[in-house]
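Student: Sharing a structure here in structure tokens format.
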Amino acid sequence: MRALVVDHTSPGHLSLTDVPAPRPAAHEALVRVEAVSLNFGEVHEATRPERPDGTVLGWDAAGVVVQAAADGSGPAEGERVVTLGEAGWAELRAVPAALLGTAPKDADPGALSTIPVAGLTALHVLRRMGSLLGRRVMITGASGGVGRYAVQLAARAGAHVVAISRSAAQADRLRALGAHEVHPEPAAVQQPVSAVLDNVGGQHLVDAFASLSAGGSLFSVGRSSEADAVLAPDALLGDGGRHDRSIRTFFLFGDPTTDFSADLTWLAGEIAAGRLDPGISWRGPWTRHSEAVKVLLDRRLHGKAVLDLK
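The sequence shown begins at 1 in UniProt numbering and counts up one residue at a time.
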């Protein structure tokens, strides 16, 4: 089968080549991949010298089951699915039932492929915030993959969404997705917020933490700025209505026993019904992978990059 593999001699450190097809375990379905979406973290990982040539990366993929799991778990052959896991940038992928969700047969596989990392991260972090009804929730990196899902889901949960995006061109789009306020940086926000989903790190994290009201939590899910977050000593004081604030970390794969199938299926249904916008900003055949990688690494993409396996 064909796969997109690490190749440090090629542009973007990736190339298309032939590799052995996966042999699914009894609890895994074999999926024919139709589309994948790229995340900055995995694209950046491909550039690391210690990542061996020939490695197949890729967390997010959508396609059709061509062989159901032998143990009877998961969807049947012919079902359209959205999948999460490793080695997704390939024509075939073996996936356990806990890491795939079913989708309507007419759903766009490219749109479905944007769901796993971005959609699940947004959904699970917002759940950790508790009830959002009537609360002010800040989302940094709001024009990115996770951010766009978070804006939409938080708005639907009744939050007053404060979106942070340095791209002025994205402001109207973010408001259309449900944001009530759009600011270029957290320091520009005048009123306190109850919770923060931070994708950016660095000074954004520092200023977003300073905007929290008493009892508020900041959830750190990424560090796209690649900058250090340096908190002054008095930033951690609890006086003046700043008590009981916290910074919490989040990692989607933190608990390997988590079953994501129900959430993936729900998100796929919302995408297929048009109730969620997948935020695809770049799309093309996987033969153009180097173009997609470049816009991601250059930080010129607002939303998701999708490769169709054509």
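Virtual Cβ for every residue (Gly too), placed ideally from N, Cα, C.
Keep in mind that this is a model prediction, so the values were computed, not measured.
Comparing C-alpha positions only, which one of Gly-202, Gly-72, Val-125, Glu-45 sits nearest to Phe-250?
Tutor: It is Val-125.
Student: For the alpha helix (DSSP H) holding Asp-207, just list the boundary residues, first then last.
Tutor: Counting along the chain, the alpha helix (DSSP H) containing Asp-207 begins and ends at 202 to 210.
Student: Can you check which of these residues, His-44, Ala-159, Gln-170, is closest to Ser-281 by C-alpha distance?
Tutor: Comparing Cα-Cα distances from Ser-281 to each of His-44, Ala-159, Gln-170, the minimum goes to Gln-170.
Student: Could you say if the stretch 195 to 213 and the stretch 176 to 183 meet the contact criterion of at least three C-beta pairs nearer than 8 Å?
Tutor: The stretch 195 to 213 vs the stretch 176 to 183: no contact.
Student: Going by C-alpha distance, which of Asp-263, His-289, Val-31, Pro-186 is nearest Asp-7?
Tutor: The option with the nearest alpha carbon to Asp-7 is His-289.
Student: For Gln-191, collect the residues of the same chain with a Cβ closer than 7 Å to its Cβ; drop the 5 residues on either side in sequence, then sort them by chain order.
Tutor: For Gln-191, where only same-chain residues beyond five positions count, the Cβ hits under 7 Å are Arg-136.
Student: If you run the structure through DSSP and keep just helix, strand and coil, what is Trp-282?
Tutor: If DSSP states are grouped into helix, strand and coil, Trp-282 belongs with the strands.
Student: Just to confirm, are Thr-257 and Gly-101 a CB contact at a threshold of 8 Å?
Tutor: No, they are not a contact pair.
Student: So Thr-249 is in the beta strand (DSSP E); what residue range does that whole segment cover?
Tutor: It spans 246 to 249 - the beta strand (DSSP E) in which Thr-249 sits, taken as one unbroken run.
Student: Quick one, are the C-beta atoms of Gly-85 and Val-5 less than 8 Å apart?
Tutor: It is not a contact, given that the beta carbons lie outside the stated cut-off.
Student: Among all the DSSP beta bridges, which residues are the ones paired with Val-36?
Tutor: Beta-bridge pairing links Val-36 to Ala-61, Leu-307.
Student: If you draw a straight line from the C-alpha of Thr-9 to the C-alpha of Ala-69, how long is it?
Tutor: Those two C-alpha atoms are separated by around 37 Å.
Student: Counting only the same chain and skipping the five closest in sequence on each side, list residues whose C-beta sits under 6 Å from that of Ala-157.
Tutor: Leu-132.
Student: How would you label Lys-304, buried or exposed, when you count the other beta carbons within 10 angstroms and need 16 or more for buried?
Tutor: Label assigned to Lys-304: buried.
Student: For Val-31, which residues of its own chain have a beta-carbon under 8 Å away from its beta-carbon, when the five flanking residues on both sides are left out?
Tutor: Answer for Val-31: Ala-61, Gly-63, Val-64, Val-65, Val-66, Val-81, Thr-83, Leu-92, Arg-93, Ala-94, Val-95, Leu-100, listed in chain order.
Student: DSSP three-state label for Asp-198, please.
Tutor: Looking at Asp-198 - three-state DSSP - the assignment turns out to be strand.
Student: In whole angstroms, give me the CA-to-CA distance for Glu-42 and His-204.
Tutor: If you take the alpha carbons of Glu-42 and His-204, they lie about 23 Å apart.
Student: For Arg-245, count the other beta carbons within 10 Å of its own beta carbon; 16 or more makes it buried, fewer makes it exposed. Which is it?
Tutor: By the neighbour-count rule (16 or more Cβ atoms within 10 Å), Arg-245 is buried.
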